[in-house]
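> For the sequence shown, the numbering used here gives the first residue as 39, with consecutive numbering after it.
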Amino acid sequence: MFKTVLIAGVGLIGSSLARVLRREGLAGEIRGAGRSADTLRKAKELGVIDAAFDSVEAGAKDADAVFVCTPVGRIVETVGRAASVMKKGAIVSDVGSVKSTIASVETPDGVFFVPAHPVAGTEKSGPENGFAELFEGRWCILTPTEKTDKGATAVIRRVWEKAGMRVEEMSPERHDRVMALMSHLPHLIAYTIVGTAADLEEQTRNDVLKYAAGGFRDFTRIAGSDPVMWRDIFLNNTDAVLDGLQRFTEDLTVLQRAIRRKDGAALQEWFTRTRDIRRRIVEVRQDTPESEKLLLKGKK
Ligand code: NAP
39 MFKTVLIAGV GLIGSSLARV LRREGLAGEI RGAGRSADTL RKAKELGVID
89 AAFDSVEAGA KDADAVFVCT PVGRIVETVG RAASVMKKGA IVSDVGSVKS
139 TIASVETPDG VFFVPAHPVA GTEKSGPENG FAELFEGRWC ILTPTEKTDK
189 GATAVIRRVW EKAGMRVEEM SPERHDRVMA LMSHLPHLIA YTIVGTAADL
239 EEQTRNDVLK YAAGGFRDFT RIAGSDPVMW RDIFLNNTDA VLDGLQRFTE
289 DLTVLQRAIR RKDGAALQEW FTRTRDIRRR IVEVRQDTPE SEKLLLKGKK
C-alpha cells in the first residue's frame, strides 16, 4: 500500500499500528520519529520501526504516509510540520482521541489529511506495550470534513480494516460528544474516586489500598492511564465533557436522594436498567471474553 510510512510518536498506539503495517505487508519501510531518542531506540530494537529520525520533517519528507500518534495537544502542530515537507499525493493521518480541535487542520495543496480515531487501547504506554491485535474487532472512527479527500479517506479506511477494525465515519462534533460519555467521563470519574481514596485519613486510606478489590481496583487500573494523554483530552474536549458531567452530577444527586430516603425500589430499578445496558454491550461484541483475552495478552 505504501513504500515508506512515518509513525510520529511510536508509543502504545503508534507501535501497535506499525506492527499491523508490518504484519499485513502494507509498508516497505516503517520509520519512526518522536521526542526521545530512548523510545526510538527501543522501538528499533523491538523491530517495530526500520529507521529512526530525530525530526518529523526529516522522516516525512519522502514518505507516502505519515501517522501522527502523539498526545492530542501535539497533533495539530505535528501534522502541520509533516505536511509542510510532504510530497504531492501523500497522506497524513492521526489517531487522536479528540477530533473537533484537529479535524479541520489545513494542509498544503496535494497533501491530504484524514482525521481518524482507532477506539482501542490499554492504560499502558510506550512501544514495549504495543501489539498488533490491539485493534481487532474494535471501532475506528474517521471524521472527514467536506474538504477531506475521498480517495485518501478510502486508503486510511483500508489500513484500519486491515488492522481488524470496523470503520465508521461521523462528524468531529458527534465523535467528541460520544467519546465524552463513553470514555472521557468514565476516566474522569476514575481519576476522582482514586484521588478521593488517596486523600482519606491515613488508617482508612491504608485499608482501602490494602484490600483494594472489585470496583475500586478496576478504577485504579483506569486511573493509572497516561497523565499527559488524559490532560490533553480534557483540555481539548472541554464542552462535551462539561455537558456530560452536568448530566452525570444530576443523576448522581437522584441516586444520592434514593439512598438517603432508603428508596430500595428506585435503586433496584436503576441498577436493573444498567445491567441491561451491560448485556447489550456484550451482545454487540464490544466487550467479549475474546477481546478481554487479547487485552490480557498485550499486557504480558
Ligand atoms: P504513548 O504510549 O504515551 O505514546 C505517545 C508517543 O508520543 C510517544 O512516542 C512519545 O514519545 C510521543 N510524544 C509525547 N509527547 C510528545 C511531544 N510533546 N512531542 C512529540 N512527541 C511526543 O500514548 P498512546 O497511548 O500511544 O497515545 C497516543 C495517541 O493515541 C494520543 O493522541 C491518544 O489520544 C490516542 N489514543 C490513545 C488510546 C489509548 O487508549 N492509549 C486509544 C486511542 C487513541 P516519547 O516516548 O519520546 O515521550
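Just so it is clear, CB atoms sit at the ideal spot from N, CA and C, and this is done for glycine as well. All figures in this text were calculated on a predicted structure; none of them were measured in a lab.
1) Taking C-beta to C-beta, are Ala75 and Thr42 nearer than 8 Å?
2) Nearest-angstrom Cα distance between Asp187 and Val143?
3) Give me, in chain order, the residues of the same chain whose beta-carbon lies closer than 7 Å to that of Ser53; leave out the 5 immediate sequence neighbours on both sides.
4) Which same chain residues, not among the five before or five after Thr258, have their C-beta less than 6 Å away from its C-beta?
5) Alpha carbon to alpha carbon, how far is Leu283 from Arg269?
6) Along the chain, which unbroken stretches of the beta strand (DSSP E) at least 3 residues long are found entirely within the stretch 156-226?
7) Would you tell me roughly how many angstroms separate the C-alpha atoms of Asp314 and Glu307, rounded to the nearest one?
8) Does the Cβ of Ala304 lie closer than 7 Å to at least one heavy atom of the ligand NAP?
9) Excluding the 5 residues preceding and the 5 following Val106 in the sequence, name in chain order all residues of the same chain whose CB lies nearer than 6 Å to its CB.
10) With distances taken between CB atoms, is the gap from Arg119 to Glu95 smaller than 8 Å?
11) Which whole-angstrom value is the C-beta distance of Gly63 and Val48, which I expect to be below 8 Å?
12) Is there at least one non-hydrogen atom of the ligand NAP closer than 7 Å to the beta-carbon of Val152?
13) Is DSSP giving Arg73 helix, strand or coil here?
14) Measuring only the C-alpha atoms, how far is Ala90 from Lys125?
15) Roughly how many angstroms separate the alpha carbons of Arg196 and Val320, rounded to a whole number?
16) Using the three-state DSSP reduction, which class does Lys248 fall into: helix, strand or coil?
17) Could you pull out every residue in the same chain whose Cβ sits closer than 8 Å to the Cβ of Glu67, ignoring the five residues on either side in sequence?
18) Using a Cβ-based criterion (distance less than 7 Å to any ligand heavy atom), does Met267 qualify as near the ligand NAP?
19) Does the distance from the C-beta atom of Gly111 to that of Leu273 stay below 8 Å?
20) Could you check whether Ala141 and Thr183 sit closer than 8 Å to each other, using their CB atoms as the reference points?
21) Could you spell out where the beta strand (DSSP E) holding Asp132 opens and where it closes?
22) In three-state DSSP terms, what is Glu288?
23) In three-state terms, what does DSSP make of Gly97?
24) When you compare only the Cα positions, how much space is there between Lys338 and Glu207?
25) How many angstroms separate the CA atom of Ile260 from the CA atom of Phe254?
Working from what's here:
1) Going by C-beta atoms, Ala75 is not nearer than 8 Å to Thr42.
2) Taking the Cα positions, Asp187 is about 13 Å away from Val143.
3) If we look at Ser53 and ignore the five residues flanking it on each side, its Cβ neighbours are Ala81, Val86, Pro165 and Gly168.
4) Within the same chain, Thr258 has close Cβ partners Val232.
5) Distance between the alpha carbons of Leu283 and Arg269: 16 Å.
6) Unbroken beta strand (DSSP E) runs of no fewer than 3 residues, entirely contained in the stretch 156-226, are found at 177-180 and 204-207, following chain order.
7) Going from the Cα of Asp314 to the Cα of Glu307 covers about 11 Å.
8) Not so, every heavy atom of the ligand NAP lies at least 7 Å from the Cβ.
9) Around Val106, the same chain offers Ala46, Ile113, Thr116, Val117 and Asp132 as residues with beta carbons nearer than 6 Å, after the five sequence neighbours per side are excluded.
10) Arg119 places its beta carbon less than 8 Å from that of Glu95.
11) Contact flag wrong, Cβ pair sits at about 19 Å.
12) No, the beta carbon of Val152 sits no closer than 7 Å to any heavy atom of the ligand NAP.
13) In the structure shown, Arg73 sits in coil (DSSP, three-state: anything other than H, G, I, E or B).
14) Distance between the alpha carbons of Ala90 and Lys125: 20 Å.
15) As the crow flies, the alpha-carbon of Arg196 is around 26 Å from that of Val320.
16) Assignment of Lys248 by DSSP, reduced to helix, strand and coil, places it in the helix class.
17) Residues Lys41, Thr42, Val43, Asp88 and Ala89 of the same chain have their beta carbon placed closer than 8 Å to that of Glu67, with the five preceding and five following residues left out of the count.
18) Annotation for Met267 indicates a beta carbon within 7 Å of some heavy atom of the ligand NAP.
19) Yes.
20) In this structure, Thr183 sits near Ala141, with a CB-CB distance shorter than 8 Å.
21) Ile129 to Asp132 is the extent of the beta strand (DSSP E) around Asp132.
22) Helix.
23) Judged by DSSP in its simplified three-state form, Gly97 adopts helix.
24) For Lys338, the predicted model reports a pLDDT of 33, less than 50, meaning its position is unreliable; a value from the coordinates is still stated below. CA-CA distance, Lys338 to Glu207, rounds to 33 Å.
25) Pairing Ile260 with Phe254, the inter-Cα distance amounts to about 10 Å.
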